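A short write-up of the structure that comes next.
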Amino acid sequence: MYKKVDVGRKILSANEEYALENRRFLAEQKKLCLNMISSPGSGKTTILARTISELKDKIKIGVIEGDIQTDLDAERIRATAAPAVQINTNGACHLSAAQVSGALEKLPVNNLDLIFIENVGNLVCPSAFELGEGGKIVVLSVAEGDDKPAKYPAIFAKSKVLLINKIDLLEAVGQVDFDIERVRADARRLNRAIEIFKISAKTGEGMDAWYNWLKKEIENID
Amino acid sequence: MHETMVAESLLAAISAEAAKQNAKPVGAKISCGMLNAINDEVLCFAFEAIAKGTVCEALKLKVEHKPIRGRCKKCSENFDLDVTHLTCRKCGSEDFELLPDAPLLLEEIEFETE
């Protein structure tokens, strides 16, 4: 004999509870928190280091770094004099809301205007885990190819901003096969509201538009 | 590979329900939206691995994938979205919005009874 029992329960509810708590905490503190997601090597840490250095007189930024191993990225952030907390996931391919909750306790949140979470380099799994952030930023570098929004729709559908990084490679080499218009069209079809900035965190090209967007978002919270 | 975390969460939920029902769970149905990026084989493999030696050892998982839904801004049609063909099913317009993705849900559990 068999019997069926209806459950109708959310499976990742434990993560969602932590995410809700983080969101509540950040709202109380009136802090903007952005979850940065991309493939490994797209330039997340370089973007953050440059953003922190160039905005240091205007915006106080702290960073939660997620990596499978090492604290190399947190060291790169600390070299800019910004506070950084490293989370090592020891194999897990994404950050969880509980890990972020622990990291928020270690950051001097009171003294910050903006907290970046640099997620584990991975275009798939991090998009399925809410951390309590105010928005997701997806980074795509031109060397990865222009088919990524079509192949990995979830993260492009859920992000507030798409940063197309390493555009200096397009001009310097002139041989990278990357159609920016295709990326823009595919991303916009999934997500009408997504803001798209073309940048080079190495040369600084296009970064001002990204900084202006950040300033506006921070003002909207205050 | 976030399937492992999903499997752990599932195992905890099913084990708790089994204790309540005082019966052996033999099957479970879960559902999720396509944007959850869950791979069936990886999830079943992960579940089998962590369920060894627990009350859920022989349990068979069934995963139902719910399509991404869109709403056309031109003709107001709600439709299932094909990500390789991003247009409204009814009028062909490219002007649509994505509706919220279906959550990852444990729908039902099947128990063996005496």
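Sequence lines, in order, name chains A and B.
Going left to right, the first sequence walks through residues 1 to 222 as the working numbering numbers them.
Going left to right, the second sequence walks through residues 1 to 114 as the working numbering numbers them.
Where a beta carbon is used, it is the ideal one built from N, C-alpha and C, also for glycine.
Here the structure is a predicted model, which means the values were calculated and not measured.
Query, Result
"Roughly how many angstroms separate the alpha carbons of residue 210 of chain A and residue 197 of chain A, rounded to a whole number?", "6 Å"
"Helix, strand or coil for residue 56 of chain B? Go by DSSP, reduced to three states.", "coil"
"Considering just the uninterrupted stretch of the beta strand (DSSP E) at residue 86 of chain A, what are its terminal residues?", "84-88"
"Measure from the alpha carbon of residue 29 of chain A to the alpha carbon of each residue in A/85, A/52, A/81, A/110, then state which is nearest.", "A/110"
"Am I right that residue 94 of chain B and residue 87 of chain B are in contact with their C-beta atoms under 8 Å? What's the rounded C-beta distance?", "6 Å"
"Give the DSSP-derived three-state secondary structure of residue 5 of chain B in the structure shown.", "helix"
"Under DSSP, the alpha helix (DSSP H) around residue 181 of chain A begins and ends at which residues?", "180-190"
"Put residue 94 of chain B into one of helix, strand or coil per three-state DSSP.", "coil"
"Using the beta-carbon of each residue, which ones in chain B are nearer than 9 Å to residue 11 of chain A?", "6, 9, 10, 13, 30, 32, 103, 104, 105, 106"
"Contact criterion: CB-CB distance below 8 Å. Does residue 287 of chain A meet it with respect to chain B?", "Nothing can be reported for residue 287 of chain A: it is not among the residues displayed for chain A, which extend from 1 to 222."
"Taking the alpha-carbon of residue 38 of chain B as reference, which of B/68, B/112, B/104, B/108 has the nearest alpha-carbon?", "B/104"
"By alpha-carbon positions, which one of A/194, A/212, A/220, A/8 ends up nearest to residue 107 of chain B?", "A/8"
"At what residues does the beta strand (DSSP E) containing residue 32 of chain B begin and finish?", "24-33"
"Along the chain, where does the beta strand (DSSP E) containing residue 80 of chain B start, and where does it finish?", "78-80"
"Identify, in the order they occur along the chain, each residue of the same chain with its Cβ nearer than 7 Å to the Cβ of residue 48 of chain A, setting aside the five sequence neighbours on each side.", "63, 77, 116, 118"
"Given that residue 85 of chain B touches chain A, what residues does it touch there, using C-beta distances under 7 Å?", "Result: empty, since nearest Cβ-Cβ is about 10 Å, beyond 7 Å."
"Determine whether the beta carbon atoms of residue 112 of chain B and residue 42 of chain B lie at a separation below 8 Å.", "no"
"Beta carbon of residue 160 of chain A, beta carbon of residue 121 of chain A: below 8 Å?", "no"
"To which residues does DSSP link residue 85 of chain B through a beta bridge?", "B/82"
"Do the CB positions of residue 67 of chain A and residue 35 of chain A come within less than 8 Å of each other?", "no"
"Hey, which unbroken runs of the beta strand (DSSP E) at 3 residues or more fall wholly within the segment 44-129 of chain A?", "61-67, 84-88, 114-118"
"Three or more beta-carbon pairs under 8 Å between the segment 97-114 of chain A and the segment 49-60 of chain B, yes or no?", "no"
"Is residue 113 of chain B close to chain A, meaning its C-beta is less than 8 Å from at least one C-beta of that chain?", "yes"
"If you measure from the beta carbon of residue 2 of chain B to each beta carbon in chain A, is any gap under 8 Å?", "yes"
"Would you say residue 43 of chain A reaches chain B, if we count a Cβ-Cβ gap shorter than 8 Å as a contact?", "no"
"Counting only beta-carbon separations shorter than 8 Å, does residue 37 of chain B have a partner in chain A?", "yes"
"Under a Cβ-count criterion, where at least 16 other Cβ atoms within 10 Å of its own Cβ denotes burial, should residue 53 of chain A be classed as buried or exposed?", "exposed"
"With distances taken between CB atoms, is the gap from residue 40 of chain B to residue 6 of chain B smaller than 8 Å?", "no"
"Under 8 Å, do residue 80 of chain B and residue 33 of chain B count as touching if we go by C-beta distance?", "no"
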